[in-house]
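Chains as they are written, first to last, in UniProt numbering: chain P, 1 to 344; chain Y, 1 to 344; chain G, 1 to 344; chain A, 1 to 344.
Notes to accompany the following structure.
Protein chains: 4
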Amino acid sequence: MKAAIYRGTEDIVIQDVPMPEAPAGGMLVKVHGCAVCGSDVRTYFFGNSMITPPWIIGHETAGEIIENNSGNGMQVGQRITVGTAIPCGHCRQCYLGHYTMCENMTAHGFEFPGGYAEYMAIEPYAIQQGVLNCIPEHVNSDEACLTEPLACVLNGQEILNVGLGDRVLVIGTGAIGCMHIQVAHARGAAMVLALELDDRRLAVAKEFADHIANPAKEDPKEFVDRWTKDLGGVNVVIVACGVAKAQMLALELASPRGRICNFGGLPKTDPMSTINANLIHYKELSIFGSFSSNPRQNQQALSLIASGAVNVKPLISKSLPLDLLESAILEMKRGESMKIVIHP
Amino acid sequence: MKAAIYRGTEDIVIQDVPMPEAPAGGMLVKVHGCAVCGSDVRTYFFGNSMITPPWIIGHETAGEIIENNSGNGMQVGQRITVGTAIPCGHCRQCYLGHYTMCENMTAHGFEFPGGYAEYMAIEPYAIQQGVLNCIPEHVNSDEACLTEPLACVLNGQEILNVGLGDRVLVIGTGAIGCMHIQVAHARGAAMVLALELDDRRLAVAKEFADHIANPAKEDPKEFVDRWTKDLGGVNVVIVACGVAKAQMLALELASPRGRICNFGGLPKTDPMSTINANLIHYKELSIFGSFSSNPRQNQQALSLIASGAVNVKPLISKSLPLDLLESAILEMKRGESMKIVIHP
Amino acid sequence: MKAAIYRGTEDIVIQDVPMPEAPAGGMLVKVHGCAVCGSDVRTYFFGNSMITPPWIIGHETAGEIIENNSGNGMQVGQRITVGTAIPCGHCRQCYLGHYTMCENMTAHGFEFPGGYAEYMAIEPYAIQQGVLNCIPEHVNSDEACLTEPLACVLNGQEILNVGLGDRVLVIGTGAIGCMHIQVAHARGAAMVLALELDDRRLAVAKEFADHIANPAKEDPKEFVDRWTKDLGGVNVVIVACGVAKAQMLALELASPRGRICNFGGLPKTDPMSTINANLIHYKELSIFGSFSSNPRQNQQALSLIASGAVNVKPLISKSLPLDLLESAILEMKRGESMKIVIHP
Amino acid sequence: MKAAIYRGTEDIVIQDVPMPEAPAGGMLVKVHGCAVCGSDVRTYFFGNSMITPPWIIGHETAGEIIENNSGNGMQVGQRITVGTAIPCGHCRQCYLGHYTMCENMTAHGFEFPGGYAEYMAIEPYAIQQGVLNCIPEHVNSDEACLTEPLACVLNGQEILNVGLGDRVLVIGTGAIGCMHIQVAHARGAAMVLALELDDRRLAVAKEFADHIANPAKEDPKEFVDRWTKDLGGVNVVIVACGVAKAQMLALELASPRGRICNFGGLPKTDPMSTINANLIHYKELSIFGSFSSNPRQNQQALSLIASGAVNVKPLISKSLPLDLLESAILEMKRGESMKIVIHP
Ligand SMILES: NC(=O)c1ccc[n+]([C@@H]2O[C@H](COP(=O)([O-])OP(=O)(O)OC[C@H]3O[C@@H](n4cnc5c(N)ncnc54)[C@H](OP(=O)(O)O)[C@@H]3O)[C@@H](O)[C@H]2O)c1
Ligand SMILES: NC(=O)c1ccc[n+]([C@@H]2O[C@H](COP(=O)([O-])OP(=O)(O)OC[C@H]3O[C@@H](n4cnc5c(N)ncnc54)[C@H](OP(=O)(O)O)[C@@H]3O)[C@@H](O)[C@H]2O)c1
Ligand SMILES: NC(=O)c1ccc[n+]([C@@H]2O[C@H](COP(=O)([O-])OP(=O)(O)OC[C@H]3O[C@@H](n4cnc5c(N)ncnc54)[C@H](OP(=O)(O)O)[C@@H]3O)[C@@H](O)[C@H]2O)c1
Ligand SMILES: NC(=O)c1ccc[n+]([C@@H]2O[C@H](COP(=O)([O-])OP(=O)(O)OC[C@H]3O[C@@H](n4cnc5c(N)ncnc54)[C@H](OP(=O)(O)O)[C@@H]3O)[C@@H](O)[C@H]2O)c1
Ligand SMILES: [Zn+2]
Ligand SMILES: [Zn+2]
Ligand SMILES: [Zn+2]
Ligand SMILES: [Zn+2]
């Protein structure tokens with residue numbers, strides 16, 4: 001079969017590799033699509049400690065069952081999403097419900113091969129841990145590829161406990177930010193504002209947010225005050241970009257007792273963030289990290305796409321064949337596309 | 001009566017001022033003691049936006065009722081603690097239970113005169129809002145002065161939700177750190193570790209903590225690992241000093257999903273803290289600010305002192321007469337004393 | 001002015017009484033409407049320990065400011081809702097955030113006169129505690145009368161912590177049940193089912209719920225299974241009627257770890273409920289009582305009506321003049337109307 | 001080896017059965033002790049739907065490793081506790097953190113053979129799921145047998161969220177109630193009261209509780225008021241007996257917003273409990289079921305025994321040889337002993 005082999009930083013080749021076999025108790029899946037994630041871009045440029053090249057990466061995958069030896073009841077031909085993170089369910093962190101911090105974590109695209117290939121073998125362990133979800137008929141495979149990033153968004157908002165009446169500010173409206181806006185509404189936020197530097201993305205966010213602004217053109221503090229002063233300010237801020245300045249801005253804009261999510265990682269090469277710590281102290285702010293998602297959140301993410309509560313269609317800029325994976329990565333890097341789905 | 005008048009930065013005079021009268025519906029209290037707080041030291045050197053000199057400051061006060069016009073049932077001669085922060089109980093933040101962030105906050109030593117004086121008039125409003133607590137007979141007035149800082153500690157640990165089985169690290173063992181250690185035990189922490197640079201204070205902390213270390217002499221990471229590796233690391237870190245480096249250390253030492261409290265403010269002149277934000281993101285840490293306390297926490301603090309659950313005696317370095325307030329502030333500044341109680 | 005005077009059980013007269021005056025620091029309000037509450041019906045038939053006749057009752061009130069001595073900035077002519085419960089904000093329960101259990105609770109229609117009269121005097125205390133809310137222009141006064149019961153619904157769902165993905169069953173779809181359905185959706189419930197004995201009310205609920213059934217005609221267990229078996233059953237059940245059998249049914253229908261709200265009180269004359277306690281124990285269910293609401297919830301309720309998140313119009317069966325208050329109560333009692341608004 | 005075979009209600013025989021073998025990847029354990037649980041008594045008299053006779057029951061087990069094929073690092077000769085409930089870690093309930101409600105639950109003494117036998121084979125699955133814990137040297141095996149019931153107690157108090165300052169009432173001071181008292185203290189309760197009908201058990205409880213009373217001799221309401229009126233009443237009530245009347249009493253004694261745990265199941269033959277439901281509604285009480293425990297709680301339970309935070313020694317009435325299992329069950333039934341440990 002054809003597969004994209006990640007051989008190291010800035011080095012991906014499309015190659016013919018032996019077709020994987022359905023493991024005893026496992027499955028063989030034909031990949032319909034695998035969306036390019038920001039972390040793929042980072043891995044491409046900087047490597048990833050959890051990936052040893054050569055390797056098939058890609059972890060936002062939807063496909064179709066070709067062979068099923070697992071006895072889990074799913075039919076050949078059934079379309080499914082393949083979850084990324086596979087927590088063990090019985091380590092210290094799992095027993096605390098902290099599945100994303102599993103001490104025995106494995107993942108598709110990391111320890112197990114990923115989705116930038118024509119076929120994927122699914123191990124019985126992954127099936128047992130519940131990372132596969134059936135795609136309803138009315139959801140197309142491209143949309144289904146966004147299940148995993150949406151699950152991460154759900155993880156972030158669970159940690160933040162976004163709820164009825166919250167005034168939420170999302171900083172950065174890439175695909176992730178646009179999903180955050182929608183999930184905040186689904187959880188009952190009274191108002192969702194968005195800040196974004198790129199006017200094309202701002203135009204997309206406008207569909208979802210109550211009010212939007214470009215912080216390069218309009219003072220963010222005035223923007224936030226205009227819409228939320230009477231409501232007590234923004235009490236939730238989600239930093240949906242990997243930018244230290246935005247993390248600092250979040251502290252300034254949050255109301256007293258505001259909750260902030262550092263949803264994006266900073267560049268590995270410069271992870272330092274300089275913040276006014278007294279804003280945390282005197283306003284009793286809380287800052288939460290959020291990383292990855294668990295199988296339950298993947299299931300819920302697909303349900304939200306299916307019910308229409310989250311509309312991911314406008315976030316998919318295009319689809320490209322496997323051969324163009326590298327240029328898709330570069331395009332993502334340049335911020336030209338929000339989400340690109342690779343069709344192997 | 002004699003009172004210490006704060007006239008501006010580095011300027012306090014002891015003066016005779018007119019004796020205050022018990023307001024209609026209020027009280028007159030003879031001050032037994034008022035402990036020097038780190039924020040008094042900051043106000044002395046840098047001023048405080050909420051204090052307009054000349055003013056009687058001091059807010060960790062215990063005294064005795066001389067006259068009571070409030071009809072609240074407390075007897076003349078009763079010893080009481082006078083709470084600092086007086087939340088309104090009906091603003092947006094109060095109705096959310098965020099009493100420390102009250103939009104109409106007033107406080108003794110700020111809008112109302114403080115405890116560095118022979119007598120204090122207590123307004124009916126303060127009485128109504130429940131900031132006075134009766135001191136049990138077996139608790140002396142000096143100990144009772146620590147009710148307010150202990151209440152702040154309780155506020156921090158409520159926000160952190162310290163509980164059964166937590167492994168807690170306290171960085172900085174001044175009076176505040178030593179109270180944090182004890183409260184963590186009272187809330188069921190399985191282990192409490194402490195780091196402190198000053199060996200004299202470390203010796204005091206040794207009475208309370210399970211294990212202690214001086215980070216100048218021993219690698220903090222090794223220290224923490226030695227005692228908690230088998231238990232999953234420290235999942236709670238309390239930064240009980242106003243030092244940016246300690247805030248950064250907290251991120252490094254906390255286990256995945258660890259909860260961190262920035263309990264101390266950084267110096268007004270340099271409130272910037274440079275942190276590795278990726279530790280928050282990838283370890284899904286949470287950081288909580290904590291500032292001040294509410295009347296309920298003051299009541300609970302005094303109960304914990306009374307029950308012996310928190311022993312504040314070893315934290316009181318000495319008591320000094322009102323005339324020596326300025327030198328007490330300087331002594332605190334130099335870190336020579338943990339807590340000094342002023343006896344006006 | 002004309003007022004309805006409750007003189008004791010089954011005895012209300014419409015009388016001319018002296019016009020109240022705007023208190024110093026208070027307000028005079030012309031009542032536009034006051035909705036009849038189930039508790040008015042109970043008071044009419046059985047009395048209420050907190051009401052000493054003769055008294056003006058009625059507590060779901062909207063009106064217009066005629067005179068304002070409070071300096072709170074509201075204009076004469078401004079339409080407002082008058083909150084019922086007035087918590088003190090500083091007792092033990094208030095400082096725990098349990099405002100509905102305030103130890104010094106007072107309320108309009110109880111300690112203060114209610115809304116079944118042409119005019120109401122508003123005390124400065126009520127204004128200070130924040131129980132008045134401005135009605136936006138596009139919300140009519142009849143709708144605004146439902147602010148208070150909707151606030152109670154919000155209180156119930158806050159206690160239940162209804163959230164994203166919950167499968168909620170509402171038993172009883174009077175005005176209260178219909179608001180519960182809508183609030184559950186606003187908080188992100190994945191599915192909301194409703195059971196109701198009266199087919200006319202079921203027809204109203206159909207507008208709001210995902211699926212409905214009449215338990216007299218269809219087995220409730222089969223109904224719930226049909227729609228939620230694949231989703232893990234109903235994990236939230238709200239008993240929105242004062243019927244012991246429905247409380248027992250809730251225990252049977254809730255999934256393991258399900259959360260149940262006893263939203264309705266049982267008749268004073270027979271408050272006993274016989275339940276299979278082992279369902280609670282073995283399924284680790286939780287049951288929550290919910291009673292009344294706080295000023296913050298009243299403010300949020302009016303916002304939800306204003307934003308359209310909750311549509312109360314279909315719940316208002318009719319409006320009647322003050323003279324017909326007694327017949328309105330009887331009509332409510334017979335279950336013929338959902339909500340009747342009295343126009344004094 | 002010698003084993004007790006449960007053949008049906010009121011029918012246990014001590015028999016020689018084939019020695020079990022250590023499974024591939026599993027272990028063979030020599031049983032040191034297995035404590036008799038109230039549910040063993042119920043199974044003896046009424047059967048248990050999850051147990052198909054003939055079967056070796058018993059699930060509060062401590063023993064010693066004889067053979068270890070698992071590679072988990074535990075040494076032959078190591079003493080361990082064998083957890084009862086084995087959750088799967090990946091079903092819907094597990095992924096919500098509701099491990100006690102696992103949809104694929106298995107357990108020692110139920111699906112897997114129990115501890116009333118000289119030896120137990122431990123399946124690799126049980127080992128992987130983390131149900132074995134090493135017993136520290138200074139803890140004897142009899143004490144270690146109480147790990148599992150103590151874990152259940154921890155589960156109950158986690159669900160109740162017992163914490164600093166709570167006033168806790170425990171109804172029933174068998175072994176379970178006495179552990180509840182101690183755990184409430186460990187979690188920071190300000191006061192723990194206990195009610196018990198049997199004066200011998202009351203004498204044991206006196207060691208642990210702040211105040212005790214026999215409700216047959218003293219009015220429970222007066223008792224509770226005497227000690228907690230000034231503190232706001234008891235805000236947590238744990239019903240540590242399987243008695244409907246005690247469940248009703250809990251509702252009466254709990255303060256407004258009180259939290260109640262139905263820790264004991266009622267007799268299968270009469271599980272109905274008649275309660276005044278209006279107490280729940282008007283006092284906004286919450287009632288929580290609690291059933292069984294998870295592996296994390298088992299680990300924590302053994303730690304609490306080891307640290308001395310919970311002293312189980314006074315709760316062990318005696319130990320008896322396997323031959324006397326049936327008479328031990330009868331003795332438990334008659335309430336003559338608190339805990340009996342069987343030594344096979
Ligand atoms: N927590 C998790 O589990 C998880 C999962 C997936 C993704 N992520 C992270 O989430 C973040 C967003 O992902 P994405 O795919 O949506 O990324 P993206 O396409 O790069 O979107 C981020 C957007 O933020 C904008 N932005 C940057 N700085 C800003 C500022 N100061 N103010 C306002 N807008 C600003 C960017 O504009 P410009 O392009 O003009 O700079 C960009 O449009 C990334 O950091 C990613 O690593 C986290
Ligand atoms: N949140 C609130 O409501 C609240 C209330 C009261 C106080 N506070 C704050 O709590 C903090 C502690 O109060 P305190 O009265 O106990 O102050 P303190 O007497 O200054 O004690 C802080 C201690 O931390 C030590 N320390 C400094 N840097 C350290 C490091 N990197 N590692 C280990 N130890 C370090 C200091 O040692 P050296 O003296 O050798 O530097 C000092 O002994 C202050 O920042 C205060 O402003 C907050
Ligand atoms: N917690 C609070 O703060 C608060 C505030 C306001 C109201 N409430 C309470 O909330 C409840 C509902 O109020 P409401 O004004 O909507 O009352 P309602 O008009 O009496 O509505 C209750 C509905 O439930 C139906 N019902 C009764 N038993 C049922 C059963 N076994 N299965 C299904 N449906 C059943 C009734 O049908 P039939 O008429 O045919 O019997 C009725 O239509 C009342 O108990 C009220 O006291 C509580
Ligand atoms: N949730 C779980 O996971 C779990 C785990 C283990 C056990 N349990 C349950 O926990 C309960 C206690 O277990 P145990 O082993 O301690 O049982 P136990 O030995 O039967 O103790 C219960 C005690 O409660 C007393 N009592 C009964 N009614 C009372 C009343 N109205 N007021 C005060 N005291 C009363 C009993 O006295 P008399 O003997 O004089 O009646 C008895 O001494 C049992 O119901 C058991 O099934 C639950
Ligand atoms: Zn794990
Ligand atoms: Zn306030
Ligand atoms: Zn109150
Ligand atoms: Zn499970």
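Just so you know, even glycine gets a beta-carbon here, dropped at the ideal spot from N, CA and C.
Every value quoted in this text rests on a predicted model; they were computed, and no experiment measured them.
Neighbour-count burial assignment, residue i, 16 or more Cβ in a 10 Å radius
{"i": "residue 104 of chain G", "result": "exposed"}
{"i": "residue 18 of chain A", "result": "exposed"}
{"i": "residue 203 of chain Y", "result": "exposed"}
Nonlocal neighbours in the same chain, by C-beta distance under 8 Å from residue i, ignoring five residues either side
{"i": "residue 248 of chain P", "result": "273, 274, 275 and 276"}
{"i": "residue 343 of chain A", "result": "32, 33, 319, 320, 321 and 322"}
{"i": "residue 269 of chain Y", "result": "46"}
{"i": "residue 143 of chain Y", "result": "305, 312, 313 and 316"}
Simplified DSSP state of residue i, which is helix, strand or coil
{"i": "residue 177 of chain A", "result": "helix"}
{"i": "residue 278 of chain A", "result": "helix"}
{"i": "residue 232 of chain Y", "result": "coil"}
{"i": "residue 112 of chain Y", "result": "strand"}
{"i": "residue 102 of chain G", "result": "coil"}
{"i": "residue 73 of chain A", "result": "coil"}
{"i": "residue 288 of chain A", "result": "strand"}
{"i": "residue 134 of chain A", "result": "strand"}
{"i": "residue 90 of chain Y", "result": "coil"}
{"i": "residue 187 of chain P", "result": "coil"}
{"i": "residue 28 of chain G", "result": "strand"}
Residues of its chain near residue i, where Cβ-Cβ distance is below 7 Å and the 5 sequence neighbours each way are ignored
{"i": "residue 94 of chain Y", "result": "87, 88 and 102"}
{"i": "residue 187 of chain A", "result": "157, 162 and 163"}
Neighbourhood of residue i by C-beta distance below 6 Å, restricted to the same chain and skipping five residues each side
{"i": "residue 130 of chain G", "result": "295"}
Exercise for the section: Check distances from the C-beta atoms of the stretch 88-103 of chain A to those of chain P and list, in chain order, the residues that come in under 8 Å. Expected result: 88, 89, 90, 91, 92, 94, 95, 96, 97 and 99
Practice task
Anything in the stretch 181-211 of chain P with a Cβ closer than 7 Å to a Cβ of chain G? List those residues in chain order, please.
Solution key: 186, 187, 188 and 190
Exercise for the section: Output, in sequence order along the chain, the residues in the stretch 282-295 of chain Y whose CB is closer than 9 Å to any CB in chain G. Expected result: 294 and 295
Practice task
Please list the residues of the stretch 104-132 of chain P that have a C-beta atom closer than 7 Å to any C-beta atom in chain A, keeping them in chain order.
Solution key: 128, 129 and 130
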